[in-house]
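Residue numbers (the numbering used here): 1 to 227.
Below is one structure, written out as structure tokens; comments come after it.
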Ligand code: CTP
Ligand code: MG
């Protein structure tokens, strides 16, 4: 039997950098919220069995969406940080040997083509989508003066989805959080636990909608996207 693949989507952030009147995942692009665009890419993939969505406590925006209740989506409460939101999602999974695909709600432009590349991974180190850095990278001091130019050839920008076996990721996140580590993605928790996740080269249009100017770009990509 093929392995069970469950998507965990953290959607409990407040979107402070977007400076909008609601969390950015509930802003509309082309008549659908960013969250709905993201969910539709994930739910329409034939290999994904179920979605666990971590949302803010007493989130008032969810009920505005016609998508809920949905038989393939389980809602859980998010946490203070992204890592805690993801961990809450993992705690709702009964099968320890399921594989978990963690994907930001704020990345609506993901393609099935990229997802397929990642889903080929079947090694317990796990893997993430990422792109090689293209800009010249500077290290700065607190006054924003350049200290040095970094060697770009070894640097990658991490994206999501990130793909791990459920029990290994859960242990890594619990361990990292208990150590007070700053965990900004799942791979960093796995790295702290001694794993070496693989980098799968993705597409640069899989942007994380973060700042106001990203909305126009996401709309452009979504207009052109087929899946
Ligand atoms: N997220 C979450 N729980 C948190 C913080 C973030 O589920 N406590 C989610 C966000 O909803 C988003 C994803 O993690 O889908 C990536 O985080 P980010 O882009 O940083 O979103 P926000 O934290 O909402 O934005 P900001 O950092 O600008 O406040
Ligand atoms: Mg954030």
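Glycine is no exception: its CB is placed at the ideal position from the N, C-alpha and C atoms.
The structure displayed is predicted, hence computed values, not measured ones.
TODO: May I ask you to report which of helix, strand or coil DSSP gives residue 111?
DONE: Locating residue 111 in the chain shown gives position 111, counting from the first residue. Of the three classes helix, strand and coil, the one that applies to residue 111 here is coil, per DSSP.
Open item on the list: Looking at the ligand MG, does it come within less than 8 Å of residue 203, judged from the CB to the closest heavy atom?
Closed with: Start at 1 with the first residue of the chain shown, and residue 203 comes out as number 203. No; taking the cut-off as 8 Å, the Cβ of residue 203 has no heavy atom of the ligand MG nearer than that.
Open item on the list: Can you tell me which residues form a DSSP beta bridge with residue 38?
Closed with: Position 38 of the chain shown, counted from the first residue, corresponds to residue 38. Looking at the DSSP assignment, residue 38 forms no beta bridge with any residue, so it has no partner.
Task: Three-way DSSP call (helix, strand, coil) for residue 75 in this model - done: Taking the chain shown and counting its residues from 1, the one referred to as residue 75 is at position 75. Residue state for residue 75 is assigned as strand, using DSSP reduced to three classes.
Open item on the list: If you reduce the DSSP assignment to three classes, tell me which class residue 199 lands in.
Closed with: As a first step, residue 199 must be located in the chain shown, where it is residue number 199. Secondary structure of residue 199 (DSSP, three-state): strand.
Task: Distance, residue 149 Cα to residue 30 Cα - done: On the chain shown, residue 30 is found 30 positions in, with the first residue counted as 1. On the chain shown, residue 149 is found 149 positions in, with the first residue counted as 1. One C-alpha to the other measures close to 40 Å.
Task: Segment limits, beta strand (DSSP E) that includes residue 149 - done: For this step, residue 149 is matched to residue 149 along the chain shown. Run containing residue 149: 146–149, per the beta strand (DSSP E) assignment.
Open item on the list: Please give me, in chain order, every unbroken run of the alpha helix (DSSP H) with length at least 4 that falls completely inside the region 138–183.
Closed with: 166–178
- [ ] Pick helix, strand or coil for residue 117, following the three-state DSSP scheme.
- [x] Within the chain shown, the letter at position 117 stands for residue 117. Note: residue 117 maps to helix in three-state DSSP.
Task: Alpha carbon of residue 209 to alpha carbon of residue 3, nearest angstrom - done: On the chain shown, residue 209 is found 209 positions in, with the first residue counted as 1. On the chain shown, residue 3 is found 3 positions in, with the first residue counted as 1. Straight-line Cα distance between these residues: approximately 31 Å.
TODO: Check whether the region 76–94 touches the region 161–178, counting contact only when three or more Cβ pairs, one atom from each stretch, lie closer than 8 Å.
DONE: yes
Open item on the list: I need the straight-line Cα distance from residue 67 to residue 35, nearest angstrom please.
Closed with: Against the chain shown, residue 67 aligns to sequence position 67. Against the chain shown, residue 35 aligns to sequence position 35. Rounded to the nearest angstrom, the two C-alpha atoms are 10 Å apart.
Task: Nearest neighbour of residue 153, chosen from 141, 120, 92, 136 [CA to CA] - done: Position 153 of the chain shown, counting from 1, holds the residue named residue 153. Per the Cα distances, 136.
- [ ] Please report the residue range of the beta strand (DSSP E) in which residue 209 lies.
- [x] Sequence index remark: in the chain shown, residue 209 carries index 209 (1-based). For residue 209, no beta strand (DSSP E) run applies, since DSSP gives it neither H nor E.
Open item on the list: Check for me: the alpha helix (DSSP H) holding residue 90 runs from which residue to which?
Closed with: Stepping through the chain shown from its first residue, residue 90 is reached at position 90. Its alpha helix (DSSP H) spans residues 82–90.
Task: Length of the line joining the Cα atoms of residue 69 and residue 76 - done: As a working mapping, residue 69 is identified with position 69 in the chain shown. As a working mapping, residue 76 is identified with position 76 in the chain shown. C-alpha separation (whole angstroms): 13 Å.
- [ ] Classify residue 94 as helix, strand or coil using the three-state DSSP reduction.
- [x] By 1-based counting over the chain shown, the position of residue 94 is 94. Note: residue 94 maps to coil in three-state DSSP.
Task: For residue 66: DSSP bridge partner residues - done: By one-based count along the chain shown, residue 66 stands at place 66. Beta-bridge pairing links residue 66 to no other residue.
Task: Residue from 164, 226, 206 with nearest C-alpha to residue 6 - done: Translated into the one-based positions of the chain shown, residue 6 becomes position 6. Per the Cα distances, 164.
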